[in-house]
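Data block below; observations after.
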Amino acid sequence: MTTTRPGEDPSRRSFLKRVTAFGATIMAAVIGIPAIRAFLSPAFRRLAPTRWIKVGEAAQIEPGVPIRFDFSETIDDAWVETRALRGVWLYTEDGDEFTIYNGQCTHLACSYAYEEERGVFHCPCHHGLFDLKTGAVLGGPPPRPLDTLETKIEDEYLYVAYRTFRAGIPDKIAVG
Ligand code: FES
């Protein structure tokens, strides 16, 4: 029960209470919604715009041989600007159709390599194995195939739309 002091206006007191409650609700929404969105699911995060990375002249890419392509990119995270080293694997069977995989293993995001003897991609962290042509899991703990990336050819140059994906889950969910 609210006690009104002598000389105090009860309508002023309830007005102040309502203003305080409204302010608290707004603050909770401002702080809480982005935090909940970040923790609940990366699927709700706003993705960065597509970054098209120039890989090379399409005609110069040798068919039947997987090639590792590394590049660095600048990441702006509110106040901080950092450089990140990225990697992809590209493969073409015929020089017309190109497949490009994100260079991170889908298990726990280690870098993997091509094993020429067995003709597979091998992740050294927990011995995940992936098919060269399809990226399908051939062995080990990875929960999904390698993550393919969008490609395009413009003025005879091959480009890849680089994205990162959440590791360790069966679904391919872009997070950056
Ligand atoms: S990180 Fe690749 S198999 Fe575990």
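Everything in the sequence shown is counted per the working numbering, starting at 10 for the first residue and increasing by one.
Backbone N, C-alpha and C define an ideal beta-carbon position, used for all residues, glycine too.
Everything numeric in this text was worked out from a predicted model, so none of it was measured.
Taking only beta-carbon positions, decide if residue i is within less than 7 Å of chain D.
{"i": "I62", "result": "Note that chain D does not occur in the displayed structure, where there is just one protein chain."}
Using a threshold of 7 Å, state whether the C-beta atoms of residue i and residue j are closer than that.
{"i": "A67", "j": "L141", "result": "no"}
{"i": "I109", "j": "T59", "result": "no"}
{"i": "L99", "j": "F78", "result": "yes"}
{"i": "L158", "j": "G144", "result": "no"}
{"i": "G128", "j": "G112", "result": "no"}
{"i": "C114", "j": "Y121", "result": "yes"}
{"i": "P75", "j": "G104", "result": "no"}
Is residue i helix, strand or coil when you go by DSSP?
{"i": "K181", "result": "coil"}
{"i": "G144", "result": "coil"}
{"i": "R77", "result": "strand"}
{"i": "R175", "result": "coil"}
{"i": "R27", "result": "helix"}
Bridge partners for residue i per DSSP, in chain order?
{"i": "V129", "result": "E124 and D140"}
{"i": "L94", "result": "S81"}
{"i": "W61", "result": "A170"}
{"i": "Q113", "result": "S120"}
{"i": "I70", "result": "In the DSSP output, where bridge partners are listed per residue, I70 has none listed."}
{"i": "R86", "result": "The residue asked about is misnamed: residue 86 is Asp in this sequence, not Arg. In the DSSP output, where bridge partners are listed per residue, D86 has V89."}
{"i": "L99", "result": "I76 and I109"}
Closest by CA to residue i, which one among the options?
{"i": "E125", "options": "K26, V64 and L138", "result": "L138"}
{"i": "I84", "options": "N111, T101, T29 and Y171", "result": "Y171"}
{"i": "P151", "options": "R27, P133, E165 and I62", "result": "P133"}
{"i": "L147", "options": "I162, F174, H116 and A176", "result": "H116"}
{"i": "R153", "options": "I178, T173 and H131", "result": "I178"}
{"i": "E106", "options": "A93, I162 and V28", "result": "I162"}
{"i": "E102", "options": "A176, S20 and I70", "result": "I70"}
{"i": "A176", "options": "C119, E165 and W61", "result": "C119"}
{"i": "P164", "options": "F31, K63 and S23", "result": "Correcting the residue identity first, residue 164 is Asp in this sequence and not Pro. Taking only the C-alpha atoms, the option nearest D164 is K63."}
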